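Asks: Okay, handing you the structure first.
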Amino acid sequence: MSPPRAPVDARDADAATSDAPARARANAGDGLETFWGPHGWTAATARALERVDAACARVGVCFRNDDDLEDSRAAAKACAGRTRDARAAAMREIETALAVGGESARSFREEVTVRANGMREAVMALTRAAETGTSADVRRACGAVFESTKAFKTCPRDPVRAVSARLMKTATLVKDACEEMGSLGEDDVDADEEDDLRFGADEFSEEEKARGEALATFGKACMTLLKGLILPTVKTKSAKLEALEPIVEECAALQNAIDDVGCGCYPPHDLEELRSSVAACASAGRKMYACVRDAEIGDDATAASLTEFEAATATVEKILQQ
């Protein structure tokens, strides 16, 4: 049987964790400041988040064993209060970081806000655990706080990166839809008969085969356009955010429209719906190109991708009119 543990004083917890921020900064692989280091306006934010971790660690020290002593709880409550103060300070730094991008940095603000809300909820849970929970509750709550601050490491570095990150997520969904459209034109000897809906299968008429092949080519052109538009947002370090930010919504519109095109590829074809879906794709693609152009980050490859997209659009529109 272990000897009884002496109650933990808040000052003891301070002493046990006083060098936590220094240790965090020394850990180049995990430190938040390492991630945000190139941006001077975020270095203070990184340090503020490290102080949240350090304050949280002090709460954990109060219950480092399985004892639920009242004196330890009092110390934990005091340390939890410091964690709240540290979070409030971090939020002030985060607001400063957000102010750099201005109101036009909507995607960046949303990415940061999601993480800030997660940290707020985790700190609130830690406060409740320190006041009324068991030592196990406190340890779980401490872990949640650590995870909430760690989540900031996955945050885009700046407003332009936030836009490109969202575009890449949507592009993955568009790619899946386009690949499914393209696969309709391939032979699959291993496919079940009920799933074998290919352009050469008996279920397709000659007109439907021609439409399906044109739609598959159109899908490839959509992906080429997306690549041509996303790459400049990844390579550039600055852009006119007021012009660029709407590209996120237009990319989502393109995804929805290409999904509709993909569904419409299967027979029987509803020509009116297909024409409408292709028109929606074309509209979204052109608006996305305009965003990149007006943000002044496009290049020759971007223009070439639009040319291919327009050619494929014209071809499929002509076939759908027949």
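Under the UniProt record's numbering, the first residue of the sequence shown carries the number 1, and numbering increases by one thereafter.
Glycine included, C-beta positions come from ideal geometry on N, C-alpha and C.
Since this is a predicted model, take the numbers as computed values, not measurements.
When the Cα of Ile247 is compared with those of Val160, Ala99 and Pro268, which residue comes out closest?
Replies: For Ile247, the nearest C-alpha among the options comes from Val160.
Asks: Is the stretch 155-171 close to the stretch 218-230, with three or more CB pairs under 8 Å?
Replies: Verdict: yes, contact present.
Asks: By the 10 Å Cβ neighbour count, where 16 or more other Cβ atoms means buried, how is Arg92 classified, buried or exposed?
Replies: It counts as exposed.
Asks: From this set, Phe108, Thr132, Asp270 and Asn117, which residue's C-alpha is nearest Ala75's C-alpha?
Replies: That would be Thr132, whose Cα lies nearest to the Cα of Ala75.
Asks: Check Val123 in the structure and name its three-state DSSP category.
Replies: Val123: helix per DSSP, three-state reduction.
Asks: Between Thr96 and Arg51, what straight-line distance do the alpha-carbon atoms span, to the nearest angstrom?
Replies: Distance between the alpha carbons of Thr96 and Arg51: 17 Å.
Asks: Classify Ala46 as buried or exposed, calling it buried when 16 or more other Cβ atoms lie within 10 Å of its own Cβ.
Replies: By the neighbour-count rule (16 or more Cβ atoms within 10 Å), Ala46 is buried.
Asks: Would you call the CB atoms of His226 and Val292 closer than 9 Å?
Replies: The sequence shown places Leu at residue 226, not His. Not a contact, by the Cβ cut-off of 9 Å.
Asks: Helix, strand or coil for Glu203 per DSSP?
Replies: Three-state result, Glu203: coil.
Asks: Taking the straight line between their C-alpha atoms, what separation do you get for Phe309 and Ala221?
Replies: Roughly 5 Å separates the two Cα atoms.
Asks: Would you identify the three-state DSSP class for Tyr266, choosing helix, strand or coil?
Replies: DSSP places Tyr266 in coil when its eight states are reduced to three.
Asks: Of all the alpha helix (DSSP H) runs that stay within the bounds of the stretch 260-310, which reach a length of 4 or more residues?
Replies: Here the runs fully enclosed are 271-294.
Asks: Grouping DSSP H, G and I as helix and E and B as strand, with all else coil, what is Arg166?
Replies: DSSP places Arg166 in helix when its eight states are reduced to three.
Asks: Check for me: the alpha helix (DSSP H) holding Ser135 runs from which residue to which?
Replies: Element bounds for Ser135: Ser135 to Lys150.
Asks: Could you pull out every residue in the same chain whose Cβ sits closer than 7 Å to the Cβ of Cys281, ignoring the five residues on either side in sequence?
Replies: Closer than 7 Å at Cβ, skipping near neighbours: Cys222, Leu254, Ala257, Ile258 and Val261.
Asks: With Glu245 as the anchor, note down where its alpha helix (DSSP H) starts and where it stops.
Replies: Taken as a continuous stretch (DSSP letters only), Glu245 belongs to no alpha helix (DSSP H), as it is neither H nor E.
Asks: Does the stretch 203-213 touch the stretch 264-278, meaning 3 or more C-beta pairs lie closer than 8 Å?
Replies: Yes, the stretch 264-278 touches the stretch 203-213.
Asks: Using a Cβ-Cβ cutoff of less than 8 Å, which residues in the same chain neighbour Ala252 once the five nearest sequence positions on both sides are dropped?
Replies: The answer, listed in chain order, is Thr170.
Asks: Please list, in chain order, all residues of the same chain as Phe218 whose beta carbon is under 6 Å from its beta carbon, the five residues on each side excluded.
Replies: Hits under 6 Å: Ala312 and Val316.
Asks: How many angstroms separate the CA atom of Thr307 from the CA atom of Lys287?
Replies: So the two alpha carbons sit approximately 14 Å from each other.
Asks: Confirm, please, whether the CB-CB distance from Met119 to Ala90 is below 9 Å.
Replies: Their beta carbons are under 9 Å apart, which means Ala90 touches Met119 by this criterion.
Asks: Would you mind sorting Ala136 into buried or exposed? The rule is 16 or more other CB atoms within 10 Å of its CB.
Replies: Looking at its Cβ environment, which holds fewer than 16 other Cβ atoms inside 10 Å, Ala136 is exposed.
Asks: For residue 398, which residues in the same chain have their Cβ closer than 7 Å to its Cβ, ignoring the five residues on either side in sequence?
Replies: An answer regarding residue 398 cannot be provided, because it is not within the stretch 1 to 322 covered by the chain.
Asks: Would you mind stating whether Ser104 and Leu274 have Cβ atoms separated by less than 9 Å?
Replies: Not a contact, by the Cβ cut-off of 9 Å.
Asks: Report all residues from its chain with a CB closer than 6 Å to the CB of Ala26; omit the five preceding and five following residues, and keep chain order.
Replies: Its pLDDT being 36, under 50, Ala26 is placed unreliably in this model, and the value from its coordinates should be taken loosely. Excluding sequence neighbours, Ala26 sits near nothing in its chain.
Asks: Which runs of the alpha helix (DSSP H) spanning at least 4 residues fall entirely within the stretch 85-120, listed in chain order?
Replies: Complete alpha helix (DSSP H) runs here, min 4: none at all.
Asks: Cutting at 7 Å between CB atoms, please list the residues of its own chain near Thr236, excluding the five before and the five after it.
Replies: Closer than 7 Å at the Cβ level, and outside the excluded window around Thr236, lie Val160 and Ile297.
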